[in-house]
Every structure is written in structure tokens, then in C-alpha cells.
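> Quick one: the structure is below, questions incoming.
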Amino acid sequence: MLNFEGIHVTTITPFKSKTYELDLDGARENARFLVESDVSSVVPLGTVGEFASLSKDERLKLAEVVLDQINGKKKTIVGVSHTSFVEVIDFAKHAKDCGADAVLLIPPYYFKDREEGLISFLKLVSSKVDIGMVLYNVPGLSKINMTSTLLSKILDTVDGIVAIKDATKDLTQLADSVETIGRRVPVIAGAEELSYYGLLAGSPGATSGMANFAPDLVTEMFDSIRAGKHDRARSLFFDKMLKFRHLDVPGVLQGFPIQNVYIKEAMNLMGMPAGPVRPPLSPLSDERREELRRVLHGLNLVSLKPRQKSDLASLTR
97 MLNFEGIHVT TITPFKSKTY ELDLDGAREN ARFLVESDVS SVVPLGTVGE FASLSKDERL
157 KLAEVVLDQI NGKKKTIVGV SHTSFVEVID FAKHAKDCGA DAVLLIPPYY FKDREEGLIS
217 FLKLVSSKVD IGMVLYNVPG LSKINMTSTL LSKILDTVDG IVAIKDATKD LTQLADSVET
277 IGRRVPVIAG AEELSYYGLL AGSPGATSGM ANFAPDLVTE MFDSIRAGKH DRARSLFFDK
337 MLKFRHLDVP GVLQGFPIQN VYIKEAMNLM GMPAGPVRPP LSPLSDERRE ELRRVLHGLN
397 LVSLKPRQKS DLASLTR
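The numbering of the sequence shown is our numbering, which starts it at 97 and goes up by one.
Structure, rendered in C-alpha cells:
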């Protein structure tokens, strides 16, 4: 069974600034950066990767490029979510062929039916693929909440599920899933603003969008918890990580994928390949961008001096 301990970085999909085309060279560069970090696994084509805004061909190309660049140096968990089980199966088979260690799957996020429908969907997928599946519970976007009761039913009847990513933003549910479901498969803390609590509650690992540009900060928080250095872990989480994650608390509470644009803008400001988010996601206002700059400066990641427009244009490729 795969080891899910550590920080699993949910990677962005870099685009070119004016055309929104895939920036595959940028994806390679970002993958090289992560290979040199202490993250445990690389997770392309999840929520942070804007998978729902990509064509099938783009998703296949991105998976190929990232997995080729990682080349077995980190574990890889490729997002394969789609409303059609036919597409999920194709994506999962392709991910396995490219060398992925597991796939990440959100419940179908348009049609919603009784629990039996979801279980049938997952059974059908699992019967057609030969790669471990990480179920991604993100009810703010999928509109389906996989409680510990439902997860128990799924695990009783569906083969091939190797972990759960819980991004409910509900500490009570996260703790319950860690205590109950965690006895059967690992439960990964999937909402970064709750990662500290999830790790303390017993999650073996946590996903992180910040690790796209500040992996050392996030992995040190994880290592500090594991080493019992709780004052250091608490300081890293509350004084650093939450400064970034709480830039738009209303957006977080409403379930918007607001982290996407903040992660990309942070990378742009740091000179990393990211570019814009694709519509329907929207860019940051100038005011919010400068607020982000101040936070990044506080983390010693960027200069506080505002860049000229020409400088910013060069960063968005």
C-alpha cells in the first residue's frame, strides 16, 4: 500500500497570459522545482490545477509532461475527475500508463442522485482500472458530502480505494473520518486552512497549494508536528500559512476555489511560471495583489517594492 505520510502538493496548471494556452515548459519547470523539495507527492489536475477548465487533450498532455519530469523521484497522484465514468476510466488508464502511483477522484459533480448511484459509479470505475483511487471529498464544489457512514458503505463494496482526501472544512467531520475511516484507509487533511488540526488529529498527511511556491514552509510545519515541536509547528501555521490562506476568508467560507488565483499570483510575483487563471475564475484586483505582496514579503518571499507593469507582464508569460 502507498505511504500517504507527508505533504502532497496540489499543483497549478500554468497558462500563457493572453491566450490561456497551456504553458507546458512552465509545468516542467515547476515540476523540477518540486522534485528538489521535501514534499511527499505531486498531485496535478486537482482543484488547484483547474482540471474542469481543461480539454481532455490538455489534461492528457499535462499529465504526460508532469509525470515525465517527475520520473519517479516523487510519488504522483493524478486527478481524473469527470462527470462521465467513461472519461474517468480513460484518464485513470492513461495516468497508470504514464507511471502515476494513484489517481484522485471527485464524485460526479453535476448529476446528483441517491448514495447507491455514487457507489455504482465508483464500482464501475474500479472494475475497469488497475490503479489505486484516492476519493476526494469536497462538498463545497461537488455538492456531495461523503460522511464516515457513506465512506464505510463505499469501502465495503468498492475495491481499489487507497485513501480519502477530506476537504470538508469541518473539523468535527474530519476528526470523525480520521478516527473511523482512518482505521481502514488513510484520511488526508485536504483543506489547507485545517491541515494543522488534521495532522494533530491523526491524519498521516495533508495536501497543500502553498507548497507550489513555499514547500519548505509547509513541510517544516509537518516535520515539526511529527517531531513533537508543537510551538514551532503552531507558529508556522498561524503566523505564516494562515496569513496567506486568510487573504479572502469570505471566499474560503463560501467554498470558492479562491486559492487558485492567490497561488498563481504568488508564483507570478516570485517569478515562477503560473500565468492567469482561466475564466470563469477571475483575476485579483490591484488592491488584493498588493495585499498579497505584503503577505509574501512578510514570509520573506518577495520584495515589498511594487514592480512596474512591464515587470509584471514578464512574470505572467
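In this text, a Cβ means the ideal position worked out from N, Cα and C, and glycines have one as well.
Do the region 336-350 and the region 112-130 touch if we need at least three Cβ pairs shorter than 8 Å?
No, the region 336-350 is not in contact with the region 112-130.
> Report the start-end ranges of each beta strand (DSSP E) in the region 210-295 that is 3 residues or longer and not cut off at the edges.
Runs of the beta strand (DSSP E) inside the region 210-295: 228-233, 257-262, 283-285.
> Measuring only the C-alpha atoms, how far is Ser299 from Leu231?
C-alpha separation (whole angstroms): 15 Å.
> Once the 5 residues before and after Ile166 are set aside, which same chain residues still bring their CB inside 7 Å of it?
Result list for Ile166: Ala127, Val131, Val138, Thr172, in chain order.
> Compute the beta-carbon to beta-carbon distance between Ala196 and Leu218, rounded to the nearest angstrom, for a pair I have assumed lies under 8 Å.
Rounded, the Cβ-Cβ distance is 18 Å, inconsistent with contact.
> Does the beta-carbon distance from Leu251 to Val281 come in below 8 Å?
Result yes, Cβ atoms of Leu251 and Val281 sit closer than 8 Å.
> Beta-carbon within less than 7 Å of Val105's beta-carbon, same chain only, minus the 5 sequence neighbours each way: which residues are those?
Correct list, in chain order: Leu130, Val135, Val138, Val139, Ser304, Ala307, Asn308, Pro311.
> Quick check on Ala198: does DSSP put it in helix, strand or coil?
Reduced to three states, the DSSP call for Ala198 is strand.
> Check for me: the beta strand (DSSP E) holding His342 runs from which residue to which?
It is not in any beta strand (DSSP E) - His342 carries neither H nor E in the DSSP assignment.
> From the DSSP secondary-structure annotation, give me the bridge partner or partners of Gly301.
Answer is Gly102.
> Regarding Ala263 and the ligand MG, is the C-beta to nearest heavy atom distance less than 7 Å?
Absence of the ligand MG from the depicted structure is noted, as is the absence of any ligand whatsoever, leaving it without description.
> Only counting the same chain, and skipping five residues up and downstream in sequence, which positions put a Cβ closer than 6 Å to that of Tyr116?
For Tyr116, where only same-chain residues beyond five positions count, the Cβ hits under 6 Å are Arg374.
> Along the chain, where does the beta strand (DSSP E) containing Ile185 start, and where does it finish?
That residue, Ile185, is in no beta strand (DSSP E); its alpha helix (DSSP H) goes 181-193.
> Would you report the Cα separation of Glu211 and Ala362, rounded to the nearest angstrom?
Approximately 39 Å between the Cα atoms of the pair.
> Please report how far the alpha carbon of Ile202 lies from the alpha carbon of Ala188, in whole angstroms.
Their Cα atoms are separated by approximately 13 Å.
> For Phe200, which of Val174, Arg384, Val182 has the nearest alpha-carbon?
As written in the sequence, residue 200 is Leu, which differs from the Phe given in the question. Residue Val174 is the option with its Cα nearest to Leu200.
> At the level of alpha carbons, what is the spacing between Ile284 and Ser331?
Those two C-alpha atoms are separated by around 22 Å.
> Please work out which residues of its chain come closer than 8 Å, Cβ to Cβ, to Lys114, disregarding the five sequence neighbours upstream and downstream, and give them in chain order.
There are no such residues.
> Suppose you measure from the CA of Lys112 to the CA of Glu154; what does that come to, to the nearest Å?
Approximately 14 Å between the Cα atoms of the pair.
> Leaving aside the five residues before and after Ile359 along the sequence, list all residues of the same chain whose C-beta is less than 8 Å from its C-beta, in chain order.
Same-chain partners within the cutoff: Ile108, Val144, Gly305, Met306, Asn308, Phe309, Ala370.
> Exposed or buried, which one is Pro110 when buried takes at least 16 other CB atoms within 10 Å?
Result: buried.
> Find the nearest neighbour of Glu183 within the set Glu160, Lys224, Ile215, judged by alpha-carbon distance.
Selected option, being the one with the closest Cα: Lys224.
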